[in-house]
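Contents: one structure, followed by commentary.
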Amino acid sequence: MALEASAPVEKKPAEPREWSPASWRDRPAEQIVDYPDPDALARVERRLSGSESLVDIADIIHLRASLARVANGDAVMVQGGDCAESFAEFNADKVRVTYNLLLRMGALLRAASGGEVVHLARIAGQFAKPRSSSNETIGDVTLPSYRGDAVNGPAFTVAARTPDPKRLLDAHRQAKVTIELLQAYASASYADLPQVYREVGLSELPRPVAMFTSHEALLLNYEQALARYDDASEQWWATSGHMLWIGDRTRQLDGAHVEFARGVSNPVGLKCGPSLKTDDFLRLIDRLDPDNTAGRLVLIGRFGASNIAEHLPELMRATRREGRKAIWSVDPMHGNTRTVEGLKTRMVGDIVAEVRTFFEIAAAEGVHPGGVHLEMTGSDVTECIGGSVKLAREDLGRRYLTHCDPRLNEGQALDVAQAVAELLAQ
Ligand code: PEP
Ligand code: MN
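Just so we're aligned: 108 in full-length UniProt numbering is position 108 of the sequence shown, and the numbers increase by one with no gaps anywhere.
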């Protein structure tokens, strides 16, 4: 009998098991919410499963096509909004000012690049936060950390901090209203695009701007309940938002969050922070975008102004070497957080510095700088320091409204957009 053992055996990485919207439940999960009443959670999940999709699958497909143009170097994306949406701060005007701000930032980028700009609001689902510690201690009292309004309340009381699944229904309702408002603003040209375009010197008549929604896919019970199978495309889609991303704390290759995201066909973002090793990074890309499809994966670097030069070049080189079509974008917020007089803040100077270095590295590595991801609000807050509005540390206390990370205000967000525009124009 001929021995065939010496024939080369092709070594393949282990295939992930079959996917279902619930397959994440067999995987280890970080940042898990400990609900005291699992039956109440199951009832909420059933309600959400029976609800309509929040976003249309056709629009998600539209976004994928737009992001494919970003991936090919023909467009850029601007993504921004609150760190965390809140129930208490919600009103139509707040949605309108954030919408208008994104349009104005997009117009700046459009005027500079001459190309298409894809607008993604961090909204209508951004209600949950990963936390570095699951508990918070004040004096001799220890309570669960605040994890965002979809989970529990910010007040330091047992009642507020106990996770309540009904909050998922409130978040869902607010997301639905927010999406309806965004649609109304878009179709009524509420933002007065011609005026916005004149301000930045664009003379052509603007076309309607599509405003897509995005959030971190952190609460997988919610995401699973809103996942829908589409007969036409024969694919599963997350219908909680157009684009979802995986946070820097929940990007474990075999973890629950990556498992959920790999099976839905939406554009997916992956936050890439300083602890991400190149090997794991490439495995994550394989897992999330096995077919290397332009418009599927957005890599969002968030290293910090003083760390980016150490970490980003190797990762960008790896994507280029492997011929990866994933988009590279930069989040210059999350690596630049510092505490000043007990308040979390960020310096506009650090934010712009990280964006600049991102563009320099992208140019050196021959990678298209695909966009920017910001925590910002059109409201007049004083949470970040610097910018043309010249906010100083003494100003922080005046209108420090965030329950979570500090946001750029309108003027500061436009400063950062202007810096991006200048880099695009080079
Ligand atoms: C965020 O985007 O609010 C966030 C928590 O980011 P990261 O996962 O990059 O820390
Ligand atoms: Mn944040």
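We put the CB at the ideal spot given by N, CA and C, even for glycine.
Between the segment 81-94 and the segment 397-409 there are three or more C-beta pairs closer than 8 Å, enough to call the two in contact. Judged by DSSP secondary structure, A121 falls within the beta strand (DSSP E) whose first and last residues are E116 to R122. Separation of I179 and T213 (C-alpha to C-alpha, rounded to the nearest whole angstrom) is 8 Å. In the displayed model, V330 falls within a strand according to three-state DSSP. A Cβ-Cβ contact shorter than 9 Å links L288 with I246.
For H62, the shortest separation between its Cβ and any heavy atom of the ligand PEP does not lie below 8 Å.
Residue range N135 to I138 is occupied by the beta strand (DSSP E) that includes N135. Per DSSP, the unbroken alpha helix (DSSP H) holding P38 starts and ends at P38 to S49. Cβ neighbours of A121 within its own chain (closer than 8 Å, five residues either side excluded): Q79, G80, G81, T98, Y99, L102, L182, M211, F212, T213 and S214. For T357, the secondary structure class from DSSP, reduced to helix, strand or coil, is helix.
Pairing D59 with P38, the inter-Cα distance amounts to about 34 Å.
Applying a distance threshold of 5 Å between residue Cβ atoms and the heavy atoms of the ligand MN selects C83 and D405, given in chain order. Counted as a single uninterrupted DSSP element, the beta strand (DSSP E) harbouring R228 occupies residues A227 to D230.
In the three-state reduction of the DSSP assignment, E422 falls in the helix class, which pools H, G and I. T142: member of the beta strand (DSSP E) spanning V141 to P144, first to last residue.
L108 is positioned such that its CB atom lies no closer than 9 Å to that of V372.
Relative to the Cα of Q252, the nearest Cα in the group D230, H242 and Q31 belongs to Q31. Counting along the chain, P369 sits inside the beta strand (DSSP E) bounded by residues P369 to E375. Residue range I57 to A71 is occupied by the alpha helix (DSSP H) that includes I61. For K129, the CB falls within less than 8 Å of some heavy atom of the ligand PEP.
Residue environment: K94 is assigned as buried (16 or more neighbouring CB atoms within 10 Å of its CB, all protein chains considered).
The DSSP-derived three-state label of W19 is coil. R249 has its CB nearer than 8 Å to a heavy atom of the ligand PEP. Residue environment analysis places T250 among the buried positions, since at least 16 neighbouring C-beta atoms fall within 10 angstroms of its C-beta. Burial of T345 is indicated by the presence of at least 16 other C-beta atoms within 10 angstroms of its C-beta. Around the CB of N152, 16 or more other CB atoms lie within 10 Å, so the residue is classed as buried. Excluding the 5 residues flanking it on each side, F358 has same chain C-beta neighbours closer than 6 Å at V330, in chain order. When C-beta atoms of the segment 278-296 are compared with those of the segment 331-339, fewer than three pairs fall below 8 Å, so the two segments do not count as touching.
When rounded, the separation of the alpha-carbon atoms in G255 and Q195 is 47 Å.
Inclusion of E259 and A128 in the CB contact set at 9 Å is not warranted, their separation being larger than that value. Taking every protein chain shown into account, the CB of P165 has 16 or more other CB atoms within 10 angstroms, so this residue is buried.
With a minimum length of 4 residues, the unbroken runs of alpha helix (DSSP H) contained wholly in the segment 191-257 fall at 193-199 and 220-225. Per DSSP, A75 lies in no alpha helix (DSSP H); the unbroken beta strand (DSSP E) holding it starts and ends at A75 to G81. Less than 9 Å divides the Cβ of R147 from the Cβ of R131. Between the segment 52-66 and the segment 138-146, the count of Cβ pairs shorter than 8 Å is below three; the stretches do not touch.
In this structure, DSSP gives R96 a helical state, which the three-state scheme calls helix.
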